[in-house]
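Numbering (the working numbering), first residue to last: 17 to 422.
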């Protein structure tokens, strides 16, 4: 995930280095620093970031919708007390389904209006309905599915045992007979899991949003090193702002064309329709341009040393991007950064385009705003400060890009 940069010795181009050992030592020291730096940053970010699973699972939200008056109120009270999540009980089913589609909540427990009737009938089985939005990180969709099974098999059984055994004994029914009656009642409750926005089977399908967004971002990060180096080469041949605007024009053209390769590879492996193909293309055209501007900021500020900032920003977004866990589960630093992360909005747009989900327009607007803000920041830095990209990072790729900008 680093650029192929050829570092030259700081001697005149036509002179031979008189102290090769010293030059080699300096280069080795920089390489060793990057090895150590990468280990420290990656392990600190990942060890802290991934500790949110499962520690922050209680931050997720479940809505309990009770449409059954006789027994539903007691069940809702028991569920609210026992579930290790934030519980909402005052929403209608329609409101809860809308929140589930927009990922504001993570599961719905619905007690149907005929629940009590079926519980009291000897011929019918009562069902608890669980609604799960599968267009989410796999940790959420699979975790909520496990919760629904556990609720129906364990919590419901426990509630019934506590409630009905005491009720039967209060009616002076012998304890043995009461226990047998309870066991027959326990088998009357089953779960009906209703999955919305299902994902195609296979881990490769589930990881497409992260893989596609990540490869665009990494490519943009490497490209920003080369493009800013090219900018310094042509600013003497052109006017200052003409060179900057020329670079932005090239960025825009590349952002539109380059994603076709990755998107085509994904669609060649997985079966999606043509409309989805073009939507995914435009999502990643916007993401690639945003990532170019976003990753150019450290390079504008620090030159080649900007990679020292770009690497932690990339690693941060593997968690803050939302493909591993939702924003509600993230630790403070990652949660805050997700609001400014190009990967967060790109990954969520991919979830919506490929599988389904809400807030598509909101995610697209946020991604566009990040691009505009990053572009303005780069313009301010470029106008106030000389771009710190030394000649030693130039290579044939940079020179070709400089010629294209001219």
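Glycine included, each C-beta is placed from N, C-alpha and C at the ideal position.
Tell me, please, whether the CB atom of residue i is closer than 8 Å to any CB atom in chain D?
i: residue 40; result: Chain labels in this structure do not include chain D; a single protein chain is all it has.
From residue i to residue j, what does the alpha carbon distance come to, in whole angstroms?
i: residue 102; j: residue 214; result: 24 Å
i: residue 380; j: residue 386; result: 10 Å
i: residue 210; j: residue 146; result: 6 Å
i: residue 224; j: residue 97; result: 38 Å
i: residue 127; j: residue 154; result: 26 Å
i: residue 92; j: residue 85; result: 10 Å
i: residue 270; j: residue 331; result: 24 Å
i: residue 82; j: residue 134; result: 15 Å
i: residue 324; j: residue 58; result: 12 Å
i: residue 45; j: residue 54; result: 14 Å
i: residue 106; j: residue 70; result: 27 Å
i: residue 139; j: residue 167; result: 23 Å
i: residue 309; j: residue 40; result: 34 Å
i: residue 430; j: residue 290; result: The question about residue 430 has no answer, for the chain in this structure spans 17 to 422.
i: residue 187; j: residue 89; result: Note that residue 187 scores 49 on pLDDT, short of 50, meaning its location in the model is unreliable; the coordinates nonetheless yield the value given after this. In a straight line, the C-alpha of residue 187 is about 23 Å away from that of residue 89.
i: residue 212; j: residue 339; result: 18 Å
i: residue 423; j: residue 382; result: Limits of the chain in this structure are 17 at one end and 422 at the other, which puts residue 423 out of reach.
i: residue 320; j: residue 241; result: 7 Å
i: residue 293; j: residue 341; result: 26 Å
i: residue 378; j: residue 109; result: 24 Å
i: residue 399; j: residue 218; result: 49 Å
i: residue 254; j: residue 261; result: 11 Å
i: residue 239; j: residue 94; result: 56 Å
i: residue 51; j: residue 60; result: 14 Å
i: residue 228; j: residue 362; result: 9 Å
i: residue 395; j: residue 266; result: 16 Å
Looking only at its chain, what residues have a beta carbon closer than 7 Å to the beta carbon of residue i, apart from the 5 residues adjacent to it on each side?
i: residue 351; result: 343
i: residue 232; result: 275, 278, 300, 303, 304 and 307
i: residue 272; result: 301
i: residue 376; result: 365 and 368
i: residue 87; result: 131, 132 and 135
i: residue 357; result: 333, 336 and 337
i: residue 157; result: 148 and 150
i: residue 384; result: 302
i: residue 112; result: 79, 81, 121 and 124
i: residue 165; result: 207
i: residue 129; result: 83 and 84
i: residue 56; result: none
Assuming contact is defined by CB atoms lying nearer than 8 Å, are residue i and residue j in contact in what I supplied?
i: residue 116; j: residue 149; result: yes
i: residue 393; j: residue 313; result: yes
i: residue 65; j: residue 359; result: no
i: residue 80; j: residue 125; result: yes
i: residue 163; j: residue 226; result: no
i: residue 311; j: residue 237; result: yes
i: residue 151; j: residue 371; result: yes
i: residue 397; j: residue 317; result: yes
For the beta strand (DSSP E) holding residue i, just list the boundary residues, first then last.
i: residue 143; result: 142-149
i: residue 123; result: 123-127
i: residue 207; result: 205-212
i: residue 498; result: A question about residue 498 goes unanswered here, because the residues of the chain that appear run from 17 up to 422.
i: residue 104; result: 102-104
Start and end of the alpha helix (DSSP H) containing residue i?
i: residue 226; result: 224-250
i: residue 216; result: Residue 216 -> no alpha helix (DSSP H), and no H or E assigned at all.
i: residue 367; result: 358-370
i: residue 130; result: Segment: none, residue 130 is in no alpha helix (DSSP H) and carries neither H nor E.
i: residue 347; result: From DSSP, residue 347 is part of no alpha helix (DSSP H); its letter is neither H nor E.
i: residue 155; result: 154-166
i: residue 383; result: 376-400
i: residue 254; result: No alpha helix (DSSP H) holds residue 254; DSSP gives it neither H nor E.
Taking 6 Å as the limit between beta carbons, can you name the residues of its chain near residue i, skipping five residues before and five after?
i: residue 143; result: 206 and 208
i: residue 345; result: 68, 72 and 75
i: residue 322; result: 314 and 315
i: residue 159; result: none
Suppose the cutoff is 8 Å on Cβ atoms and the five residues either side in sequence are ignored; what does the same chain contact list for residue i look like?
i: residue 286; result: 216, 220, 221 and 224
i: residue 77; result: 101, 102, 103, 104, 120, 121, 122 and 344
i: residue 114; result: 374
i: residue 297; result: 275, 276 and 279
i: residue 268; result: 305
Could you tell me if the beta carbon of residue i falls within a distance shorter than 7 Å of some heavy atom in the ligand ATP?
i: residue 214; result: In the structure on display, the ligand ATP does not appear, and there are no ligands present to speak of.
At 3 residues or longer, what runs of the beta strand (DSSP E) sit wholly inside the stretch 53-90? Secondary structure in the stretch 53-90: the beta strand (DSSP E) runs of 3 residues or longer, each lying completely within the stretch, are 77-82 in chain order.
* Asked: For the stretch 270-328, which segments carrying the alpha helix (DSSP H) assignment without a break, of at least 4 residues, lie completely within its bounds, in sequence order?
  -> Listed in chain order, they are 275-285 and 290-318.
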